[in-house]
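Just so you know, we're using my numbering here: the sequence shown kicks off at 1 and counts up by one.
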Amino acid sequence: MIRSRILCVFLSLACVMPIDCLYADNPVSLGKPVPSVSSCSLTKGEAFSFSMSGIRLNADSGIVAYDFTMTAAALSRKDVPMMSGDMHNVTGDYADGYRLLPNGEHFAEPAVLSVSYDPLRLPAGYRPADIYTVFYDDSVGRWVKLERLEVDTVN
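This is the structure we're talking about:
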């Protein structure tokens, strides 16, 4: 899992790594299950831990800025916004990406987001330390890196 800090809930996110060549002509198909959706009501000031297959979001007390309902959906390859040629999606076994809604800032301090990655999707010569989590920023039309806390190669 890749652990990152977030202040916002994002429209789309994925685990990616920089690559030296384009893999668009060689898509990876791992027979992922049909995307699933889950939601969670968050209460201002209360700690929470939200998880579904391949993704986990945790926050200590005092971090949730106001009451809201968060929805998470696992995305298939066709639902993940196009990545630039220097990125390779290595998001874990359960999905090719995730959509977290509502979009926008919901935390007074950063929460911790963990997203699984699939070591089978790492191109030759790359290591888990090369992976980072990104989110798709609709306002600028591109993927943006999140601050990475750690890469957990065990869990």
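The C-beta atom is built at its ideal place from N, Cα and C for all residues, glycine as well. Given the structure is predicted, the values throughout are model-derived calculations rather than measurements.
Less than 8 Å separates the beta-carbon of L101 from that of T71. Looking at the DSSP output, K145 shares a beta bridge with V134. For G45, the CB contacts under 7 Å within the same chain, skipping 5 residues up- and downstream, are S61, G62, V64 in chain order. Under a 10 Å Cβ-count criterion, V154 is classified as exposed, with fewer than 16 other Cβ atoms of the shown protein chains found around its own Cβ. Here L120 carries a helix assignment [DSSP, helix/strand/coil].
Boundaries for I63: no beta strand (DSSP E) harbours it, and the DSSP string shows neither H nor E there.
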